[in-house]
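Residue numbers (this note's numbering): 310 to 462.
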């Protein structure tokens, strides 16, 4: 299913994404190793059990950020994004652990016409991720450069 074009986004609309995902030890290990992140908080269970307040590994926060935005793509921007322009106000208010199941929402915060390209506009999203207890575990604002429908998309 194609993503929405710039004109189709309505400020204030909240998408409740139907895709959900249980995060795993393999996700944490692969992502941390692929990104050369040796942080024992993510890859060393014994360290976490004996030397942290959590008692278990935390999911890599950049994996969580990527998963949150990835879950949103199917409902919002697949095939209609020109580029991501930035992410801001990234926060992880509660830890995400291996074995937690996440669900996400995306709110359209603002949109404006591009000043440099008549075939595009900028949409700002606020993505939120919740665990299986509906606790907020991640939030960020993302600015995306989006195709206009009138541009032949």
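The beta-carbon is built from N, C-alpha and C at its ideal position, and this holds for glycine as well.
Buried or exposed, going by whether 16 or more other CB atoms sit within 10 Å of the CB of residue i?
i, result
"residue 455", "buried"
"residue 438", "buried"
"residue 388", "exposed"
"residue 451", "buried"
"residue 395", "exposed"
"residue 417", "buried"
"residue 445", "exposed"
"residue 345", "exposed"
Where does residue i sit, in a helix, a strand or coil, going by DSSP?
i, result
"residue 319", "coil"
"residue 458", "helix"
"residue 435", "strand"
"residue 339", "helix"
If the criterion is Cβ atoms closer than 9 Å, does the pair residue i and residue j meet it?
i, j, result
"residue 326", "residue 383", "yes"
"residue 337", "residue 407", "yes"
"residue 329", "residue 412", "yes"
Indicate whether at least one CB of chain C lies closer than 9 Å to the CB of residue i.
i, result
"residue 414", "Among the chains in the structure shown there is no chain C, since it carries only a single protein chain."
Can we say the stretch 432-445 touches the stretch 408-421, given the rule of at least three CB pairs closer than 8 Å? yes
Report the residue ranges of all beta strand (DSSP E) runs contained in full by the stretch 351-431; include only those spanning at least 3 residues, in chain order. 390-400, 410-422
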